Amino acid sequence: MPVEHNCRFVKGIAIFAPWLTSPLMFHKSHGACIARQRSAINVVDEQPEGGDIDPSFTLFTTSQCLNEPELHASTSRLQRFSHKYALAVLMANACGSSALWNESGQLIVRADCGSLLLTGLRTTEGWQGDIIPLR
Numbered sequence: 002m003p004v005e006h007n008c009r010f011v012k013g014i015a016i017f018a019p020w021l022t023s024p025l026m027f028h029k030s031h032g033a034c035i036a037r038q039r040s041a042i043n044v045v046d047e048q049p050e051g052g053d054i055d056p057s058f059t060l061f062t063t064s065q066c067l068n069e070p071e072l073h074a075s076t077s078r079l080q081r082f083s084h085k086y087a088l089a090v091l092m093a094n095a096c097g098s099s100a101l102w103n104e105s106g107q108l109i110v111r112a113d114c115g116s117l118l119l120t121g122l123r124t125t126e127g128w129q130g131d132i133i134p135l136r
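To convert, note that position 69 of the sequence shown is 70 in the numbering used here; the numbers rise steadily by one, no gaps.
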């Protein structure tokens, strides 16, 4: 999403969390890792390799704006990343097909097309997802 940096708008992310009173804004990032138990957020500035991610983090978030065939390659890479590093992944795609994978790389929910908000909730039974129509 566009965020303001040095009096102009650049690519960035906004992070909303229950323990925050307002969203955190970061410019030029590839995503963020969230650790609920520590109420911690780590912004990932470089393409994540996995080995550099703290094991206490439980969710990796990323945003993109991709269509096919790049979208297929990206979702496959994120699913493998999720499975390999046992880290849930939430991918927001401005062109549709936003998705959530659990720590095993299993797809929990995908918002195929349209004005949809994808949400995820981690419970004692695992991850649950929901899609909320915005129009």
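C-beta: ideal position from N, C-alpha, C; glycine also. Keep in mind it's a predicted model, so treat the numbers as computed, not measured.
- Residue pairing by DSSP places PRO56 opposite no residue, since no beta bridge is assigned to it.
- Distance from the CA atom of LEU60 to the CA atom of ASN68, rounded to whole angstroms, is 24 Å.
- Cβ-Cβ separation between ILE133 and THR120: approximately 7 Å, consistent with a contact (criterion under 8 Å).
- With 16 or more other Cβ atoms from the protein chains shown falling within 10 Å of its own Cβ, THR63 counts as buried.
- Beta-bridge partners assigned by DSSP to LEU25: ILE16.
- By the CB criterion at 7 Å, LEU135 and LEU118 fall inside the cutoff.
- With a cutoff of 7 Å on beta-carbon distance, LEU72 and VAL90 are scored as not near each other.
- In this structure, the beta-carbon distance from CYS66 to ALA95 falls below 7 Å.
- In this structure, the CA atom of ASP131 is about 7 Å from the CA atom of VAL110.
- Residue environment for ASN103: buried (at least 16 other C-beta atoms within 10 angstroms of its C-beta).
- Nearest to ALA87 by alpha-carbon distance, out of ALA93, SER98, TRP128, ALA112, is TRP128.
- The DSSP-derived three-state label of LEU79 is helix.
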